[in-house]
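Written below as structure tokens is the structure these notes are about.
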Amino acid sequence: MIQLIQLNDPHLAQMLADYLQTQNMPCQVQSSETGISVWLLDETKTSAAEREVQRFILEPHHPRYREAAWQQEKPATWRSATDSSLMTELMLQAQPLMLVVSFLMIAVFLLYWLTIPVESLLTFEWPWQRGQIWRLFTPVFLHFSVLHLVFNLAWWWYLGGRTEQRYGVIKLAIVLISGALIPNVLQAMVSGSLFGGMSGVTYALLGYLWLRERNSEDPSQVTVSNGLFIFMLVWLVLGFTNLLGFNTANLAHLGGLLVGLIQGWRDSHRTISGPA
């Protein structure tokens, strides 16, 4: 067997394998801790298969690949250590810093739910008020409803886990801290200290991953699609119009997005230009 490509998206891997099957190139799809691999079973067809893989990388969403999935009476077989691509993906993103922050979000919410006044230690304050500089950062751990917590926790797991997995714990820490401090300061300037949540960091991660990965030649390396990015932009704009029916920390969202875009542009430029 010859490994043709390794992807992070199991659906793209299956579509490629199914298409290769229709071209008389039998394949096997195999999941592992590092991603989803497509293996060619007939090594005599390696050259033709590699040409098809290059064509797939250039236009992974071409109709020919979806049509191949429908045509296949016997799709490419799977081998998986976990028997669950979703579980594999979740475990891949279970990175140390992401898990620590997730635990803190849940712990703070449970204390809040038990009416322990944890918010008195974590709400925003300017440093010159009592010198408690941690309050510039800690509002990100405050969530005031189950829905608020679950929504932000899901985005943090997906975007934060993917950032730490691909770019390292230091990069995630930088985006986390800057995506908390700057949005929190902006929000406090217009609404005072009564706000909380990880959504500013979420928008920072969204902007960072979208801009850093948008020119990737491998479609499996794109975490934030253009469609998802546009949807989140629309959501941000709706927050400023008051059409959502509930209060949102609009300047925190906008500030986080700008922080992420700036860092994503800088890092993508460094990747293209090479290290200084």
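With the sequence shown counted from 1, adding 506 to any position gets you my numbering.
From the three backbone atoms N, C-alpha and C, an ideal C-beta is built for every residue, glycine too.
Whole-angstrom Cβ separation of residue i and residue j, contact assumed at under 8 Å?
i, j, result
"L757", "V681", "Incorrect: roughly 18 Å between the Cβ atoms, too far for contact."
"Y714", "G770", "4 Å"
"M521", "R557", "Contact flag wrong, Cβ pair sits at about 17 Å."
"V728", "E719", "5 Å"
"G766", "T754", "In fact, because the Cβ distance is near 17 Å, the residues do not count as touching under 8 Å."
In angstroms with no decimal places, state the Cα-to-Cα distance between residue i and residue j.
i, j, result
"L616", "P569", "48 Å"
"F630", "R672", "32 Å"
"G761", "V691", "9 Å"
"S586", "L648", "Here the model assigns S586 a pLDDT of 48, short of 50, so the residue's position is not dependable, and the following value carries that caveat. Straight-line Cα distance between these residues: approximately 39 Å."
"L764", "P645", "19 Å"
"V675", "T669", "8 Å"
"F701", "C533", "52 Å"
"S651", "S608", "16 Å"
"A694", "L739", "22 Å"
"H517", "Q536", "12 Å"
"D515", "R561", "17 Å"
"I508", "Q529", "16 Å"
"T588", "D524", "For T588, the predicted structure reports a pLDDT of 43, less than 50, and the residue's modelled location is therefore unreliable. A value from the coordinates is still provided. Rounded to whole angstroms, T588 to D524 spans 22 Å at the Cα level."
"W640", "L628", "8 Å"
"N658", "G703", "7 Å"
"W716", "N732", "8 Å"
"W662", "T550", "45 Å"
"D773", "I736", "21 Å"
"S626", "M611", "16 Å"
"H567", "N721", "16 Å"
"L816", "N748", "Examination of residue 816 is not possible in this model, given that the chain is present from 507 through 782 alone."
"V559", "A600", "30 Å"
"M531", "A679", "44 Å"
"G698", "W632", "10 Å"
"R636", "V614", "22 Å"
"A782", "D548", "Legend: pLDDT at A782 = 39, less than 50; position of this residue unreliable, value from coordinates given subsequently. Going from the Cα of A782 to the Cα of D548 covers about 44 Å."
"Y618", "H654", "13 Å"
"Y709", "I622", "29 Å"
"H775", "V730", "18 Å"
"L564", "V544", "17 Å"
"K677", "I688", "17 Å"
"K580", "I542", "Bear in mind that a pLDDT of 45 at K580, under 50, signals an unreliable position, so the model cannot answer this."
"W634", "W741", "34 Å"
Which partner residues of residue i appear in the DSSP bridge assignment?
i, result
"I542", "L513 and S537"
"I680", "None, per the DSSP bridge assignment."
"I508", "L546"
Would you say residue i and residue j are within 8 Å of each other, going by their C-beta atoms?
i, j, result
"L526", "A519", "no"
"L665", "L712", "yes"
"F643", "A574", "no"
"S705", "H759", "yes"
"T540", "L546", "no"
"L603", "A555", "no"
Does any C-beta atom of chain D lie closer than 8 Å to the C-beta of residue i?
i, result
"L659", "Among the chains of the structure shown, chain D does not appear; only one protein chain is present."
In the region 688-730, which residue ranges form an unbroken alpha helix (DSSP H) of at least 4 residues, counting only runs that do not cross its ends?
705-719
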